[in-house]
Amino acid sequence: MKKPLLLILAMGLLPQADAQPVYSVILENGLVVDGTGNASFEADVGLIGDRIGAIGDLSRARAATRVDATGHVVAPGFIDIHSHAVGSGAGGPLAARPHAENLIRQGVTSVFGGQDGSSPWPVGEALAFFDVSPAAVNVGLFAGHGTLRARIVGMDDREADPDELSAMRAAVRQAMHQGAYGLSSGLEYAPGMFASTDELAALSEEIAPFGGLYISHVRDEGGALMDSVDELIAISRASGAAAQLTHHKIIGKHRWGGTVESLARVEEARRAGLDITLDVYPYTASSTGLTILFPGWAKDGGLSGLQERLADPQHRARIRQDVIAHIHSERGGDPATIVAARCGFDDSLAGKSLADMARDAGLETSVENAADIAIDLVERGSCQGVFHSMGEEDVARVMKSEHAMAASDGGVPALGVGSPHPRSYGTFARVLAHYVRESGTLTLEEAVARMTSRPAARLGLHDRGELRPGAVADVVVFDPERVQDLATFRDPHRYAVGVSYVYVSGVAALQDGEPTGARPGKSLRKGR
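Numbering (our numbering), first residue to last: 67 to 594.
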């Protein structure tokens, strides 16, 4: 029988000039999974201030606080390399909900935002905000290509002219000097979809001297996935920048198994000397705007341009046919797989699929009716959606890749609002519960490495991601038999369980399974 996890306060332990160091916290008798992928071992972990002071037998050491971690894993805090917690502007989710309870209850201590081509701008101002108003977790940012293109080129479907390309290059350099970790792109979204490969390679040239990462939501994750993987590889080759296939997947049931080929292409590129990696979330559904169902040509000018075309009968008919074709080819011809997560104009639609909406309207659940409903929703302002279109074998295959890391692609939702993807509440707990304990896809050590040292190394976080003396004391303590994601697609607003303690820079953000209210997070800047 495992001993309960106890917080033991050692009273009267004042430091003396000739005494051994007094640890602020000693985590006793835990199973240390240090993040490197090496075998776990039993040891004590001592924290001194914001650093790890020692790992070993600290039974005779002096400590202000002792935590009995018997039966628990002690690991580095989890690093989410693809997060939407920060949002794309002032007053984003993490600024609004800085205690980030959904994150710390999973063991997350650092998030990296500015993803899918959308970031706050300027990057330096956003990081400065979190210097003054810290969150419970650390925050790093990428510069969003789509954000820069929208500001400099606009939302139109055209190439950047030489002056505009020069201005975007300068903006990327500015972001890197301000501490960005690289450049993100979202090539299924306007205006990123209008950029050429050459434009993306030119901008990636600006991050290469900084050791920055080009992290991309590639141009197509369905029928043209292989071409999209090849494009990312070409951008890395031309620019000299490291590149990452983010939330790597293949959609469309008839394509399941295609990750065998996509991963083979990554391996081939790596053998050729290119630095290509990937990340994945542990779910078979994605989440993005409903406009993903609509053709790229119709999104010239962004959402407003799409809505203008829908007002034209000739364009509307063509768009409708393209949406019908998309639902057939990418969504298995099943309107039930397309679910509204949140529609700003009608809260009652949250959690309803296009099939549900058709039934509510007294219509058949046909693809044609689903397309008409999707068009109506976009005309009313669009919705965030959840799309069930991936296969579990592909997710597991990508997760098991030696070049993969786990990431959420989630954020910090307002508790109880809408029907968001459960990944915001469950990603890291699900990796441990499903892929380690239940399926055995990964060992405990492999899973922890995918959430700690791998993203840390990818980002150049030299003092995070591993448990070793001198490293920053971002630490999680969890019960490997109990850690579990509880959030589901039908009931997404449920916190993960099984994480008992989370320390961010040595300060407890979660203590005995409950948030402390502390906000010890730092703004993280590349190279600093």
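Glycine included, C-beta positions come from ideal geometry on N, C-alpha and C.
Option in the options with minimal Cα separation from residue i
i	options	result
Gly-277	Leu-249, Ala-261, Val-295	Leu-249
Glu-458	Tyr-567, Ala-129, Ser-505	Ser-505
Leu-160	Asn-204, Ala-406, Ser-184	Asn-204
His-313	Met-234, Arg-132, Asp-146	Asp-146
Ala-424	Glu-297, Asp-442, Ala-241	Asp-442
Ala-436	Ala-427, His-469, Pro-401	Pro-401
Thr-325	Ser-467, Asp-388, Thr-403	Ser-467
Ala-364	Ser-432, Tyr-255, Tyr-349, Arg-337	Tyr-255
Ala-105	Ile-317, Leu-527, Ala-473, Ala-513	Ala-513
Lys-596	Gly-158, Val-189, Ala-162	Residue 596 lies beyond the stretch modelled for the chain, which goes from 67 to 594, so this question has no answer here.
Ser-353	Ser-395, Ala-406, Trp-322	Ala-406
Val-549	Gly-482, Arg-496, Leu-169, Arg-520	Arg-496
Gly-399	Gln-373, Val-433, His-559	Val-433
Pro-521	Asp-426, Met-234, Gly-410, Ile-342	Ile-342
Ala-440	Gly-579, Gly-258, Cys-409, Ile-170	Cys-409
Gln-181	Phe-555, Ser-262, Gly-258, Ala-515	Gly-258
Ala-338	Arg-117, Glu-230, Ile-118, Ser-302	Ser-302
Gly-288	Ala-300, Asp-296, Ile-316, Gly-103	Ile-316
Glu-396	Gly-371, Glu-191, His-381, Pro-361	Pro-361
Rounded straight-line distance, which links the Cα of residue j to that of residue i
i	j	result
Arg-585	Ile-390	47 Å
Met-456	Leu-253	19 Å
Ala-76	Ala-127	Reliability fails at Ala-76, whose pLDDT of 39 lies under 50, so the model's placement of it is uncertain and the value that follows must be treated cautiously. In a straight line, the C-alpha of Ala-76 is about 11 Å away from that of Ala-127.
Ala-83	Val-573	Bear in mind that the predicted position of Ala-83 carries a pLDDT of just 45, short of 50, making it unreliable; the figure below should be weighed with that in mind. Going from the Cα of Ala-83 to the Cα of Val-573 covers about 25 Å.
His-320	Val-461	15 Å
Tyr-247	Leu-429	49 Å
Glu-511	Leu-113	22 Å
Asp-529	Ser-305	28 Å
Ile-281	Ala-151	17 Å
Pro-87	Gly-587	25 Å
Asp-438	Arg-386	7 Å
Ala-562	Arg-534	27 Å
Ala-575	His-165	8 Å
His-559	Ile-170	15 Å
Arg-608	Val-538	In the structure as shown, the chain begins at 67 and stops at 594. Residue 608 is therefore absent and cannot be evaluated.
Arg-594	Glu-532	18 Å
Ala-129	Ala-135	15 Å
Asp-557	Asp-413	16 Å
Leu-71	Val-140	For Leu-71, the predicted structure reports a pLDDT of 43, less than 50, and the residue's modelled location is therefore unreliable. The matter cannot be settled from this model.
Pro-200	Phe-555	31 Å
Glu-327	Gly-137	41 Å
Phe-311	Glu-167	According to the sequence provided, residue 311 is Leu. The question's Phe does not apply to it. Distance between the alpha carbons of Leu-311 and Glu-167 is about 28 Å.
C-beta atoms of residue i and residue j nearer than 8 Å
i	j	result
Met-471	Asp-345	yes
Phe-630	Val-174	No information on residue 630 is available, as it lies outside the stretch 67 to 594 that the chain covers here.
Ala-309	Leu-298	yes
Val-332	Leu-376	no
Pro-479	Pro-486	yes
Gln-172	Phe-196	no
Ser-149	Ser-474	yes
His-211	Leu-279	no
Leu-356	Gly-451	yes
Thr-213	Ser-185	yes
Met-465	Leu-525	no
Ala-416	Gly-482	no
Asp-110	Asp-100	no
Ile-393	Leu-369	no
Gly-206	Leu-498	no
Gly-492	Asp-422	no
Ala-226	Glu-271	no
Ala-241	Ala-202	no
His-454	Thr-582	no
Arg-224	Leu-329	no
Residues that DSSP places opposite residue i in a beta bridge
i	result
Tyr-569	Val-541, Ala-574
Met-471	Asp-345
Arg-128	Val-88
Glu-580	Gln-577
Val-450	Checking the displayed sequence, the identity of residue 450 turns out to be Gln instead of Val. Answer by DSSP bridge pairing, in chain order: Gly-355, Arg-408.
Pro-142	Val-541
Gln-310	Ile-281, Thr-343
Phe-178	Gly-206
Residue-level contact to chain D via CB, residue i, 8 Å cutoff
i	result
Leu-481	Judged by its chain identifiers, the structure shown contains no chain D, having just a single protein chain.
Stretch pair the region 557-570 + the region 212-222: three plus CB contacts closer than 8 Å: no
Cβ contact check for the region 533-543 and the region 90-105: 3 or more pairs under 8 Å: yes
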